[in-house]
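Inspection log for the structure reproduced underneath, given as structure tokens.
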Amino acid sequence: MGTFTGSLNKYLYLGGVIVVLLGWEIVSLTVAAEALPRPREVWNGLMLLHTNGKLWQHLPISLYRTLMGFGLGAALGFIAGALAGFSKPLYCLLKPLTGALLSFPAVAVVMVGMVWFGMGSTLAVVITALFTFPLVYRSTVEGVRLMDARLLEMAAVFRLSKWALWWNIYLPALATALLAGFAFAAGTAFRKTVMAELLGSHDGVGYAMAMTRFNLETAELFAWVMVCLFVVAGIELLAVRPAHKYLRLWNLPDEKRRGALKNV
Amino acid sequence: MYKSLKEILTSAFWFLAGIIILAGIWQIMSLSFSPLILPSPRETLGAMFDLFSSPDARQNFYVSAGRALAALMAVTIMGLGMGVVAGLYPWLEALMKPVKDILLAIPPVALTILVIFLFGSGSLQTVGIAGALALPLVYGSTVSAVRTVDRELLEMTEIFNVPRKVRLWDVYLPAVVFSSLPSVLLAAGLTVRLTVMAEVIVGVTVGIGHALSMSRVYLATQEIFAWMLILLAVVLMIEGGLLYIVKKYLLRWQA
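Below, the structure written as structure tokens:
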């Protein structure tokens with residue numbers, strides 16, 4: 000077992016992508032074009048979605064719903080999580096709710112939502128919020144709990160003012176939890192929006208995918224799947240990676256952390 | 000760190016209070032809505048017992064359970080196998096990472112429709128969808144389990160020239176299987192949810208997903224609620240109960 004440098008891993012990753020594309024190309028040559036479109040046809044399908052305007056009709060709607068549902072769920076999750084992190088009784092009180100939300104199959108919730116809200120944006124936003132909430136809640140609770148007890152003790156010894164306590168200890172810890180939870184929940188939020196749209200909406204990426212099924216537009220379906228992957232990859236690159244970079248600044252070893260406290 | 004009895008009792012008290020408050024809110028809200036919109040807790044429990052005594056519902060349950068179990072078995076075998084190989088050869092892991100990333104990123108419904116396009120709809124397809132989406136979980140934890148196999152033990156096998164085969168079976172496998180067990184149980188909860196999702200979208204003619212679709216069409220909201228409670232109980236039993244037992248007793252030596 001050798002150790003692998005980052006750049007070599009990058010090339011191997013690229014190699015993996017090429018293997019997938021090659022395998023796809025080879026398989027697609029042996030079966031009918033309607034069954035499995037070739038990679039180039041999928042690219043053409045993507046261009047078609049661009050030129051016939053479907054991409055710009057449905058994608059913004061989905062992104063808007065994702066953002067709204069995510070914002071709502073994350074805000075509630077953060078507030079509830081921050082409170083429950085400090086109060087054990089509240090945490091236990093909320094546990095049945097959050098536990099149930101984490102365990103429900105999303106489709107079943109979507110079906111109830113369809114009965115309650117009918118088809119459309121409200122349904123997608125509520126579903127997205129419902130499944131974002133427990134994720135952000137959980138990571139916020141963990142963030143508050145992880146606040147180094149020794150760090151707090153030391154803060155008490157040094158008689159840090161309330162303001163300094165919040166600014167230097169609570170907020171960084173909460174920001175850490177916030178970033179980690181948000182970044183992970185954002186991708187999930189988009190996937191839940193697409194699911195809600197597929198079952199209960201007349202527009203959006205999920206609806207567009209359901210339509211390709213009825214119209215048997217294979218290349219367009221593959222193109223939509225690509226769009227979904229691009230969106231999640233975009234969230235990963237724009238939110239998750241920078242978040243983790245920032246996290247590394249805070250997840251210092253204990254010694255360094257204590258050293259950092261001296262500057263408080 | 001051991002909790003005192005008093006702490007456990009207070010936690011349990013607030014937990015029960017949480018359940019009672021939820022049930023209370025549900026009961027109060029159901030008073031102002033028609034049962035078609037929001038059935039009361041009692042109506043839901045009634046519907047649940049109706050489901051228990053209905054042969055159709057029982058068949059739906061068993062078929063879905065069978066699919067989820069099949070998916071879980073496939074995930075366990077493939078996840079452990081591929082994870083061990085990728086854990087031993089980092090270049091293979093890097094090569095397989097794009098596929099893992101795609102499976103993690105793709106909306107489950109998108110993969111489902113993709114599978115319908117490529118392979119048609121049916122029982123095997125739902126198993127495949129649930130399995131494919133749960134695979135990265137077991138695979139990922141197996142890879143990291145292999146990477147963290149006791150270094151000292153490995154060094155010892157090298158010093159004593161232990162054959163590769165023995166090393167694989169007697170050092171790697173036990174360590175990997177035990178530390179992958181929690182992820183297998185998490186995958187079990189996941190396959191249950193994914194199977195139902197796949198059933199709804201694939202449009203199979205038997206299974207919980209099918210029952211849910213039918214209940215929605217006939218506006219039998221209390222049945223949707225009843226199925227949700229049943230699924231919740233199953234997932235909680237796996238993720239709460241079994242996982243807790245495994246972590247507490249089987250993996251004690253890890254701590």
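The listed protein sequences derive, respectively, from chains U and V. Sequence positions in the first sequence follow numbering that gives the first Met the number 0 and run 0 to 263. Sequence positions in the second sequence follow numbering that gives the first Met the number 0 and run 0 to 254. Cβ atoms here follow ideal geometry from the backbone N, Cα and C, with glycine treated the same way. Keep in mind the model is a prediction, meaning the values are calculated, not measured.
Original post:
Nearest-angstrom Cα distance between A74/U and V231/U?
Top reply: 21 angstroms
Original post:
Does the separation of the CB atoms of L82/U and L71/U fall below 8 angstroms?
Top reply: no
Original post:
At a cut of 8 angstroms, does the segment 44–54 of chain V reach the segment 218–227 of chain V through at least three beta carbon pairs?
Top reply: yes
Original post:
Straight-line CA distance for L71/V to E92/V?
Top reply: 22 angstroms
Subject >> Burial state of M274/U (16 or more Cβ within 10 Å) >> reply: Lying before the first or after the last residue shown, residue 274/U is absent from chain U, which here runs from 0 to 263.
**OP:** Answer with buried or exposed for V95/U, where buried requires no fewer than 16 other C-beta atoms within 10 angstroms of its C-beta.
**Re:** A small correction: the amino acid at residue 95/U is Pro; Val does not occupy that position in the sequence shown. The residue in question, P95/U, is buried, as its Cβ has 16 or more Cβ neighbours within 10 Å.
Subject >> Any non-hydrogen atom of the ligand ATP within 7 angstroms of P54/V CB >> reply: This structure lacks the ligand ATP; in fact it carries no ligand of any kind.
Original post:
Got a sec: is the Cβ-Cβ distance from E238/V to anything in chain U below 8 angstroms?
Top reply: yes
Original post:
Just checking my contact of A34/U with L117/V at CB under 8 angstroms: how many whole Å lie between their CB atoms?
Top reply: 7 angstroms
Original post:
Along the segment 95–117 of chain U, what residues have a CB closer than 9 angstroms to any CB found in chain A?
Top reply: The structure shown contains no chain A; its protein chains are U and V.
**OP:** Specify whether the segment 165–180 of chain V and the segment 205–222 of chain V touch according to this definition: at least 3 beta carbon pairs, one from each stretch, less than 8 angstroms apart.
**Re:** no
Subject >> Presumed contact (8 angstroms Cβ cut-off) between I128/V and V137/V, rounded CB distance >> reply: Not really, about 16 angstroms apart at Cβ, beyond 8 angstroms.
Original post:
Exposed or buried, what is K255/U when buried is set at 16 or more other beta-carbons lying within 10 Å of its beta-carbon?
Top reply: Low local confidence applies: a pLDDT of 40 at K255/U is under 50, so the model's placement there is unreliable, and no value is given.
Original post:
To the nearest whole angstrom, what separates the beta carbons of A105/U and F69/U, a pair I think is in contact under 8 angstroms?
Top reply: Not a contact, Cβ separation roughly 15 angstroms.
**OP:** Could you work out which residue in I168/U, V111/U, V125/U, E24/U is closest to R64/U when comparing CA atoms only?
**Re:** V125/U
**OP:** Report back the beta-carbon spacing between A218/U and N8/U to the nearest angstrom; my notes put them in contact at under 8 angstroms.
**Re:** With 8 angstroms as the limit, A218/U and N8/U do not qualify as a contact, their Cβ atoms being about 33 angstroms apart.
Subject >> C-alpha distance - L184/V paired with L220/U, whole-angstrom precision >> reply: 33 angstroms
Original post:
Quick one, are the C-beta atoms of V245/V and P162/V less than 8 angstroms apart?
Top reply: no
Original post:
Under 9 angstroms Cβ-Cβ, which residues of chain V neighbour P88/U?
Top reply: T9, S10, F12, W13, A16
Original post:
What separation, rounded to the nearest whole angstrom, lies between the Cα atoms of H49/U and Q124/V?
Top reply: 31 angstroms
Subject >> H57/U burial status per 10 Å Cβ neighbour count (16 or more: buried) >> reply: buried
Subject >> R150/V in three-state terms, based on DSSP >> reply: helix
Original post:
When you check each C-beta in the segment 4–15 of chain U against every C-beta of chain V, which residues fall closer than 7 angstroms?
Top reply: N8, L11, Y12, G14, G15
Subject >> Where the alpha helix (DSSP H) containing E216/U begins and where it ends >> reply: No alpha helix (DSSP H) holds E216/U; DSSP gives it neither H nor E.
Subject >> Best match in A85/V, I76/V, D49/V, I20/V for proximity to L11/U [C-alpha to C-alpha] >> reply: A85/V
Subject >> 8 angstroms Cβ cutoff, F51/V in contact with chain U >> reply: no
**OP:** Classify F3/U as helix, strand or coil using the three-state DSSP reduction.
**Re:** Any reading at F3/U must be qualified, since the residue scores a pLDDT of 48, below 50, and its modelled position is unreliable; the value itself is stated next. In the structure shown, F3/U sits in coil (DSSP, three-state: anything other than H, G, I, E or B).
**OP:** Go ahead and pull the three-state DSSP assignment for I234/U.
**Re:** helix
Subject >> Cβ contact (3+ pairs, closer than 8 angstroms) linking the segment 74–81 of chain V and the segment 182–201 of chain V >> reply: yes
**OP:** Can you tell me which of the three DSSP states G119/U falls into?
**Re:** coil
Original post:
Short check: CB of V170/V to CB of V145/V, under 8 angstroms?
Top reply: no
**OP:** From the DSSP output, in three-state form, read off G203/U for me.
**Re:** coil
**OP:** Kindly say whether F116/V, judged by its beta-carbon, lies nearer than 8 angstroms to any beta-carbon of chain U.
**Re:** yes
Original post:
What's the gap between the Cα of V116/U and the Cα of K96/V?
Top reply: Sequence inspection shows Phe at residue 116/U; the Val mentioned does not correspond to that position. Spanning the two alpha carbons is a distance of roughly 40 angstroms.
Subject >> Residue-level contact to chain U via CB, P107/V, 8 angstroms cutoff >> reply: yes
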